[in-house]
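See structure below.
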Amino acid sequence: MSSPRGHDEGTARSIRSAIAIQYARNALNGAAGFPTLTGAIFADGNVPKEPVNNSSAVKTMPRR
């Protein structure tokens, strides 16, 4: 059985990968910038669910 932490790490990795791929696509098209985090950048069309809250809501954090 997998641990919740392992699932969290997998979710974080998939999000980072999707963002990196989309950033590279944007850069190749001459508009380098971080993408908006929507389901459109994921292979299955959905933002992965965060396992603790079972939520796929995206929250933004202010820069420090």
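Numbering (the working numbering), first residue to last: 298 to 361. Don't be surprised by glycine CBs; every beta carbon is placed ideally from N, CA and C.
Which residues does DSSP list as the beta-bridge partners of residue i?
| i | result |
| --- | --- |
| Glu347 | Ser352 |
Between the C-alpha atoms of residue i and residue j, what's the straight-line distance to the nearest angstrom?
| i | j | result |
| --- | --- | --- |
| Asn351 | Thr308 | 12 Å |
| Gly342 | Gly327 | 24 Å |
| Arg313 | Phe331 | 11 Å |
| Ala340 | Ile318 | 11 Å |
| Asn323 | Thr333 | 11 Å |
Using DSSP with H/G/I as helix, E/B as strand and the rest coil, what is residue i?
| i | result |
| --- | --- |
| Asn323 | helix |
| Ser299 | With a pLDDT of 48 at Ser299, under the threshold of 50, the predicted position of this residue should be treated as unreliable, and no value is reported. |
| Gly330 | coil |
Can you check whether the C-beta of residue i is within less than 8 Å of a C-beta belonging to chain D?
| i | result |
| --- | --- |
| Glu347 | Structure shown: chain D not included; a single protein chain is present. |
State the CB to CB distance for the pair residue i and residue j, rounded to an integer number of angstroms; the pair is presumed to be in contact (CB under 8 Å).
| i | j | result |
| --- | --- | --- |
| Pro362 | Ser311 | Nothing about residue 362 can be reported from this structure: the residues present for the chain run from 298 to 361 only. |
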